[in-house]
Amino acid sequence: MRDLPVVTMIAWSLIGTPAIAQVLEPVQPTPPSLPEPELLPPPEELLQPPAAPPSTRPTIPPLTGTITVSRFEVTGSTVFRFEEFAEVTEPFTNRPLSFAELLQVRDEITKYYVDRGYITSGAFLPPQTMQEGVVEIAVIEGKVEEIDVQVKGRLHPGYVRSRVELGAKTPLQVDRLVQALQLLQLNPLIENLSAELAAGTRSGTSLLEIEVTSAPTFSTVLILDNWRVPSVGTDRRQVVLREASLLGLGDALTLSYTNTDGSNALDEASYRIPINASNGTLGLLFKSSESEVISEPFDQLDIESDSRDYEISYRQPLIELLPKNWP
Numbered sequence: 000m001r002d003l004p005v006v007t008m009i010a011w012s013l014i015g016t017p018a019i020a021q022v023l024e025p026v027q028p029t030p031p032s033l034p035e036p037e038l039l040p041p042p043e044e045l046l047q048p049p050a051a052p053p054s055t056r057p058t059i060p061p062l063t064g065t066i067t068v069s070r071f072e073v074t075g076s077t078v079f080r081f082e083e084f085a086e087v088t089e090p091f092t093n094r095p096l097s098f099a100e101l102l103q104v105r106d107e108i109t110k111y112y113v114d115r116g117y118i119t120s121g122a123f124l125p126p127q128t129m130q131e132g133v134v135e136i137a138v139i140e141g142k143v144e145e146i147d148v149q150v151k152g153r154l155h156p157g158y159v160r161s162r163v164e165l166g167a168k169t170p171l172q173v174d175r176l177v178q179a180l181q182l183l184q185l186n187p188l189i190e191n192l193s194a195e196l197a198a199g200t201r202s203g204t205s206l207l208e209i210e211v212t213s214a215p216t217f218s219t220v221l222i223l224d225n226w227r228v229p230s231v232g233t234d235r236r237q238v239v240l241r242e243a244s245l246l247g248l249g250d251a252l253t254l255s256y257t258n259t260d261g262s263n264a265l266d267e268a269s270y271r272i273p274i275n276a277s278n279g280t281l282g283l284l285f286k287s288s289e290s291e292v293i294s295e296p297f298d299q300l301d302i303e304s305d306s307r308d309y310e311i312s313y314r315q316p317l318i319e320l321l322p323k324n325w326p
């Protein structure tokens, strides 16, 4: 049993810097505090926060006095409904609010995302003129800008990238991403995997860097036994050759040949190639066998058999889950 690789991620949110007077200006959200990574890869232990980046916007002095907000309007969200945000902002409505309390509302919206795994998403106060007591809080939902895959071995980087992309959909959700990485850890084509999630070049984006070590993919099996029936010869000689990633795409080629004193069989000549990132595969299979009865007295009857089998198959897993108690 091989040691599990360490998957380490670094995540941060790049959100603009707002402020508010009679016109509300952007304010940078406070980066969330995330747990330190451990050696084992459960989702809650895979992330560690970097130092907060310096602000590129001028510091704006806070408001003096208070304003009364009747409603907060959260814009830019694709995963949460208005009613969900209303529960967060309700304690801050219909009462005088200081500038610090407005920033607290912004931070509560960011925390709502982070607590649900959207660790690179955040809220800010965009420039605005408050009308009828309504204050807008904008959300930038985090996404992976680029997935950079470095492979040591024969495995094609696109094989890894396409499977990670399933867990790196926008908005980026850490549990979904971690599960995609853990499923790759279980892949027999991969011996070792490490990943790092760092800040991207634009606000709300991240760069995912993955390093993979390919596992050995070629195997040979030789078998000598006496499991065959006496009519074709009990002594069996078999050789099986298998290459699990012929072109580096996870495409498997298998050749299996069996021989006895009275038979010759190409047990399997097959090729199976993945056709999507969800491990759907298309397979081709050919089998051939020739045998004759060699045991007395039936050998005088010249009983022979000859068969050919052809097969085309498509396999598509409907759902892929991690084993129980993983890791």
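Residue 0 is where the sequence shown starts when you use numbering that gives the first Met the number 0, and the numbers rise one by one after that. Where a beta carbon is used, it is the ideal one built from N, C-alpha and C, also for glycine.
| Asked | Found |
| --- | --- |
| DSSP-derived helix/strand/coil call for M270 | Correcting the residue identity first, residue 270 is Tyr in this sequence and not Met. Three-state result, Y270: strand. |
| Nearest neighbour of L245, chosen from A214, N258 and E82 [CA to CA] | A214 |
| Own chain residues within Cβ distance below 6 Å of Q172, not counting five before or after | G116 and Y117 |
| Segment contact flag, the stretch 310-323 with the stretch 267-279, C-beta cutoff 8 Å, min 3 pairs | yes |
| CA nearest to the CA of R80, picked from L96, Y111 and L223 | Y111 |
| Per-residue burial, L102 [other beta carbons within 10 Å of its own, 16 or more giving buried] | buried |
| Alpha-carbon to alpha-carbon, E135 and T74 | 7 Å |
| Terminal residues of the beta strand (DSSP E) in which K151 lies | K142 to K151 |
| Beta bridge counterpart(s) of A197 as assigned by DSSP | L206 |
| Best match in F91, N93, S97 and L254 for proximity to G64 [C-alpha to C-alpha] | S97 |
| Beta-ladder partner(s) of R105, from DSSP | The partner list for R105 (beta bridge, DSSP) is empty, contrary to what the question assumes. |
| Bounding residues of the alpha helix (DSSP H) (the contiguous stretch that carries L180) | V173 to Q184 |
| Cβ contact (3+ pairs, closer than 8 Å) linking the stretch 162-177 and the stretch 211-230 | no |
| Buried/exposed call for A122, threshold 16 Cβ in 10 Å | buried |
| Proximal residues to T88 (C-beta, below 7 Å), its chain only, five neighbours per side dropped | F71 and V104 |
| Beta-carbon spacing of V148, R162 below 8 Å | no |
| The alpha helix (DSSP H) enclosing Y158, as first and last residue numbers | P156 to E164 |
| Residue burial classification, I318 (beta-carbon count within 10 angstroms, cutoff 16) | exposed |
| Buried or exposed by the 16-neighbour rule on C-beta atoms within 10 Å, applied to S262 | buried |
| Distance between Q181 and S290 (C-alpha atoms, nearest Å) | 47 Å |
| Proximity test, Cβ basis, 8 Å: L300 and chain B | Absent from the structure: chain B. Only one protein chain is present. |
| Distance between beta carbons of L240 and L327, contact taken as under 8 Å | Limits of the chain in this structure are 0 at one end and 326 at the other, which puts residue 327 out of reach. |
| Of the listed residues T200, L281 and I108, nearest to E82 (C-alpha basis) | I108 |
| Runs of beta strand (DSSP E) wholly within the stretch 231-280 (minimum 3 residues, chain order) | 235-242, 251-259 and 262-273 |
| The beta strand (DSSP E) enclosing A214, as first and last residue numbers | Taken as a continuous stretch (DSSP letters only), A214 belongs to no beta strand (DSSP E), as it is neither H nor E. |
| Nearest to L196 (by Cα), restricted to the options L223, A167 and D224 | A167 |
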